[in-house]
Amino acid sequence: MTQAKLNQPKLPPTSAIDKVTTAEFDNWFEYPIRVQPHHTDYAGIAWHGTYLTWLEEARVECLRSIGIEFADLVALGCDLPVVELSVRYHRSLKLGMIALVKTRMLEVTGVRINWDYKIVSTDEQELYITAQVTLVALDRERGKIMRQLPPAVKDALARISTSHK
0 MTQAKLNQPK LPPTSAIDKV TTAEFDNWFE YPIRVQPHHT DYAGIAWHGT YLTWLEEARV
60 ECLRSIGIEF ADLVALGCDL PVVELSVRYH RSLKLGMIAL VKTRMLEVTG VRINWDYKIV
120 STDEQELYIT AQVTLVALDR ERGKIMRQLP PAVKDALARI STSHK
């Protein structure tokens, strides 16, 4: 084995995301979706990348529900890029199906903002995906990670963080 291969970072085992499916679910923000033709492949199955769009939409709407408009963050010079993403696909969504994207912010640790997701059937009997996303606050002007969130953003996020419940 080469030295470069030995020094490569190791990925966590795929079973690490299973903890999302067994966690206690409370304080979730719900965002309904319908699988449209442009979300699917030729066989009418939701394309894997579409799920990422739905996660982003749910997160933006969750933030809006607590008074954080993404456009206002941009005006403040703050961006929240994704720096880590882990998705487990449990079963496929098909053309015409309706489901719920459920999201919650787990915690803010230093400069990292961690979110949990699941996409479930409207009766919550079927699980389609589980995911975790980590964001960081970025100063758009300097292109550097912010060491502190703007106070209004930090206060709003503290209200929905599951680590403070």
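Note that numbering that gives the first Met the number 0 numbers the sequence shown so that position 22 is 21, with each residue one more than the last.
Heads up, the beta-carbon is just placed ideally off N, CA and C, and yes, glycines get one too.
Do you know how far the Cα of residue j is from the Cα of residue i?
i    : j    : result
Y30  : E140 : 32 angstroms
V152 : D122 : 33 angstroms
R33  : C61  : 18 angstroms
A155 : S85  : 25 angstroms
L134 : D71  : 17 angstroms
T171 : L79  : Because the chain spans 0 through 164 in this model, residue 171 falls outside it and cannot be assessed.
E23  : W114 : Residue placement at E23 is poorly supported in this model, since its pLDDT is 42, which falls under 50; the coordinates are not used for a value here.
R87  : R146 : 31 angstroms
My guess is that residue i and residue j are in contact by the Cβ rule of under 8 angstroms, so how many angstroms apart are they, rounded?
i   : j    : result
L54 : Y127 : In fact, because the Cβ distance is near 12 angstroms, the residues do not count as touching under 8 angstroms.
A57 : V100 : 4 angstroms
Do residue j and residue i count as a contact pair if the criterion is CB distance below 9 angstroms?
i    : j    : result
R111 : V82  : yes
T129 : H89  : yes
G76  : D138 : yes
M96  : I159 : no
V132 : A98  : no
L94  : G142 : no
Taking 8 angstroms as the cut-off, is the CB of residue i close to at least one heavy atom of the ligand ADP?
i   : result
D78 : For the ligand ADP, the structure offers nothing, since it holds no ligand at all.
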